[in-house]
Structures are given as C-alpha cells and as structure tokens.
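Report on the following structure.
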Amino acid sequence: MFPFTNNNNMAPFKFRLPLFWKFSVAIITIVLLFGSINSVLIYNNVQVALQAETKKRALFIAKSISNLITAPVLFEDYAYMQNMINSVKEFDKSIFYVFIIDNQNHVLVHTFKNEIPLELINANGLKANQSSNIQLLLLKDSDAKLIFDVAVPILDKRIGMVRVGLRESSVLADIQKT
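Residues in the sequence shown are numbered from 2 upward in steps of one, following this note's numbering.
Laid out in structure tokens, this is it:
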C-alpha cells in the first residue's frame, strides 16, 4: 500500500485545510508583511530624525564654544581655551575632536592626542557670510570613522573658527537602541 491513498479506489489522498486555518494563515502572512514594512519605515524615520538632532546638537556645541571663546582668542589666552575645549570633550563622549583655528588657518588649540591631521584643517571651511557649515567626513586613521564636522565662525569669522567633530557611530548606537 502506498501512503496517502485510500483503500476503496486507490485514488491519491487529498489534504484538505479547513476554512478557519486558511483565513488564519492568510491573516498571519499579511500581518507579518505589513509589520516588516512598518519596521523598515520606522527605522528609516528614526535614523533621519536622530541624524538631524545630532547635527543640531553639534551646531549648538560649536556655537556655544564660539561665544565663550571670543575673548580668550582676542587676548591669546591659550590655557583657558585648551581647558575649555578639553572639558567640553570630556563632558560629551560623542565628541571626537574640538579645535580652534585663527583666520589664517593656524590651529590655536585642539583635543587630539598627537598632531591634528592636516587634511582635516582644510576639509570643512566657511564661505563669506556663512554662519555655519556641517559636513560628513571620513577620517582615515587606524580605523576609518565617519564624523559630523561642524564649522562655526568666531566673531563673524574675523578672528577664527571653531570646529567640532561628532562620531556618527554614536548616532547609529542610538538608532539601534531605539
């Protein structure tokens, strides 16, 4: 005897699924499909929103430093400037670097352990009458990092510029957490 045959006329056995189970499988499939689509859309929306908030935060940090650093730059108080940017970097772990340059592109102070990468100094600048500039940069060091680099003028760029770099990995970590 073959499996799935009945004894009377040796016709193949037909599997019949009750109507309730057919509807159940169809509903479960539709819920999974739309749930997956919603998950992708929500993930993308959260990513865009968190990147926008990170850019706003980086801009706020850079403008705050610019406002606080005007007098020390004018009076060439490098010790105060260095202490201030170090404390800002220690306070926010998503900050990768902070540096201040004068209007001739000479670095006054920075938070790098060694020398500041020369290609970073010219990577993001301000054009005439530009109040800020935000760029996504790829730093090529031991492990490549994507950085939101913010450039903000000090005293309308008459005396220099503040540059703040925020790690993009902190944004991605927030997205994953969310």
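All residues carry an ideal CB built from backbone N, CA and C; glycine is no exception. Just so you know, these numbers come straight off a predicted model, no measurement behind them.
Applying the criterion that 16 or more other CB atoms from any shown protein chain within 10 Å of the CB defines a buried residue, is residue i buried or exposed?
i	result
L140	buried
V99	buried
A72	exposed
A152	buried
S95	buried
Looking at residue j and residue i, is the spacing between their C-beta atoms short of 8 angstroms?
i	j	result
D150	L138	yes
N104	I160	yes
I122	N106	yes
I176	L51	yes
Please check the pair residue i and residue j, which I expect to be a contact at CB under 8 angstroms, by giving their CB distance rounded to whole angstroms.
i	j	result
V49	Y79	Rounded, the Cβ-Cβ distance is 40 angstroms, inconsistent with contact.
F113	I148	That pair is no contact at about 13 angstroms.
T179	V47	5 angstroms
S67	I155	5 angstroms
I102	M82	No, I102 and M82 are not in contact; Cβ-Cβ is about 11 angstroms, not under 8 angstroms.
L60	S133	6 angstroms
A63	V165	4 angstroms
Rounded to the nearest angstrom, what separates residue i and residue j at their Cα positions?
i	j	result
V108	F76	16 angstroms
M2	P13	With a pLDDT of only 49 at M2, under 50, the local geometry of the prediction cannot be trusted, and no value is derived from it.
G36	I29	10 angstroms
D162	Q131	In the sequence as displayed, the identity of residue 162 is Met instead of Asp. Rounded to the nearest angstrom, the two C-alpha atoms are 12 angstroms apart.
A124	P118	10 angstroms
W22	F16	13 angstroms
L167	F92	13 angstroms
I43	E116	41 angstroms
E54	L34	31 angstroms
Any chance you could list the alpha helix (DSSP H) runs of at least 4 consecutive residues sitting entirely within the stretch 28–94, in chain order? Positions of the alpha helix (DSSP H) runs, each at least 4 residues long and wholly inside the stretch 28–94, are given as 79–92 in order along the chain.
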